[in-house]
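Below is one structure; the comments refer to it alone.
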Amino acid sequence: MLMDFLIVLAVALEAYLLGSIDTGILVSKFVYHDDVRRHGSGAAGMTNMLRTFGKKAAAMTAAGDVLKGVAAVCIARWLFGYMSGQLFSQFLGIYLAAILAVIGHLKPIYFGFKGGKGVLVAAGTILAVQPVLIPFLMVVFLVCLIPTGMVSLGSITAAASYPFLTLAYGLLSGYGLHDVVVMTVGGAIMAGMVIYMHRSNLQRIREGKEYRFGKKGKDNNGTKN
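Counting from 513, one number per residue, gives the positions in the sequence shown under our numbering.
Following this line, the structure appears as structure tokens:
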């Protein structure tokens, strides 16, 4: 019993600490000798890295953010393999890690609790848990991005669709009720965090001032990822 609780604590801790490793800040500081948070939208996400330092910086940031989401879930799955299984299911551990990894990215302990918006970290956790959903989420993202040019709108819409896709995945895959509930609630929490962190973007969308990818202008404000 005590060992199970210690494993849960270890999973929460490793996921949060991994999530707190902000790739954008590290790349901007060690490769470009600058802090991306001083530029553009003030975010350390891929979008601001792309606008500030270019494609190579954005690619490194995206890869790092996705990989830390994958790593957090894989470590959790390994640790939960030592559980007795009496109190905590493996899905509970996986989604605990996914949620804490996103929280770590949003509020990184290493960088003054000022991070990004968790989109790519969440994508990394989904890649590790339900890779089959990635193409569907990409379609949702692109359907919103291509006509509008708004990365934020694509991210918000993809996040909003995730709990429903997760529910469908759980039911169609034949998982038990408990696991379906855990993955759906966990997915809803992750989606809610990502959408909440985009609230300033939603405000700019309503005002017609949101940044549009590939467009320049004084009202073309940035978004964070």
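Virtual Cβ for every residue (Gly too), placed ideally from N, Cα, C.
Note that this is a predicted model, so its numbers are computed, not measured.
Around Leu683, the same chain offers Val692 as residues with beta carbons nearer than 8 Å, after the five sequence neighbours per side are excluded. For Val694 and Leu579, the gap between their C-alpha atoms comes out near 23 Å.
Taking the C-beta atoms as reference points, Gly698 is found no nearer than 8 Å to Ile587.
For Leu657 and Ser673, the gap between their C-alpha atoms comes out near 15 Å. When rounded, the separation of the alpha-carbon atoms in Ala609 and Phe517 is 14 Å.
About 19 Å separates the CB atoms of Gly605 and His617; that is not less than 8 Å, and the two are not in contact. Of the residues assessed, Gln642 falls on the buried side of the cut-off, its CB having 16 or more other CB atoms within 10 angstroms.
Pairing Asp547 with Pro620 gives a Cβ-Cβ distance that is not under 8 Å.
In the pairwise beta carbon analysis, the segment 637-654 is classified as not touching the segment 565-576: fewer than three pairs are separated by under 8 Å. Counted as a single uninterrupted DSSP element, the alpha helix (DSSP H) harbouring Leu530 occupies residues Leu514 to Gly531. Exclusion of the five residues before and after Gln602 leaves Phe592 as the residues of its chain whose Cβ lies within less than 6 Å of its Cβ.
Nearest in C-alpha terms to Ala640, of all of Gly581, Ala680 and Thr573, is Gly581. Residue state for His545 is assigned as coil, using DSSP reduced to three classes. The beta carbons of Leu529 and Asp577 sit no closer together than 8 Å.
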